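In UniProt numbering, the protein residues as written are 1 to 169.
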């Protein structure tokens, strides 16, 4: 009986120690990982523009509002696209309904682009003259890189003419 009791105590002790080790090991790496992870563009802008304390507080407020608006617009776009593609299996298509939904999607995309524009305008309002120039360069660089990513080489047939890809059956 004493041998078994000693084994049970040792087993409980090892389980507790292993649990403590796993909790500290896994918990610590998550904290370190989160500390080293940046918030993407916002952190980049703050770092590049070297905001002071007051600018930082105002930037965080502006950025928070921007993200709330963008999430709302994106949810609306998703709902509209769901409504559009839910009609894909309809036996009879109502062209007016499809046109109406795609028009609404286009308006929401416009609203999204305008929100991004005014967000950068708000950030520019926070900046001094030197920071404004730096922000302008950051935006221009981002726009030009984005455009390059989206460009694709044209497809050509044997005669050098542009052609669409063949349909897949």
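Quick reminder that beta carbons are idealized off the backbone N, C-alpha and C, glycines included. Note that the coordinates shown come from a computational prediction; the quantities given were computed from them, not determined experimentally.
**Request:** Let me know if residue 59 comes out buried or exposed under the rule of 16 or more other beta-carbons within 10 Å of its beta-carbon.
**Result:** By the 16-neighbour rule on beta-carbons within 10 angstroms, residue 59 is buried.
**Asked** Taking all protein chains shown into account, do 16 or more other C-beta atoms lie within 10 angstroms of the C-beta of residue 10, making it buried, or fewer, making it exposed?
**Response** So residue 10 ends up on the exposed side.
**Request:** With distances taken Cα to Cα, identify the nearest neighbour of residue 120 among 74, 16, 45 and 106.
**Result:** Put simply, of 74, 16, 45 and 106 the residue whose alpha carbon is nearest the alpha carbon of residue 120 is 45.
**Prompt:** Does the Cβ-Cβ distance between residue 134 and residue 49 come in under 7 angstroms?
**Reply:** Contact: yes.
**Option in 6, 8 and 116 with minimal Cα separation from residue 64** = Distances from the alpha-carbon of residue 64 to those of 6, 8 and 116 put 116 closest.
**Asked** Which same chain residues, not among the five before or five after residue 71, have their C-beta less than 7 angstroms away from its C-beta?
**Response** Result list for residue 71: empty, nothing under 7 angstroms.
**Prompt:** Under a Cβ-count criterion, where at least 16 other Cβ atoms within 10 Å of its own Cβ denotes burial, should residue 51 be classed as buried or exposed?
**Reply:** By the Cβ-count criterion, residue 51 is buried, with 16 or more other Cβ atoms from all chains shown falling within 10 Å of its own Cβ.
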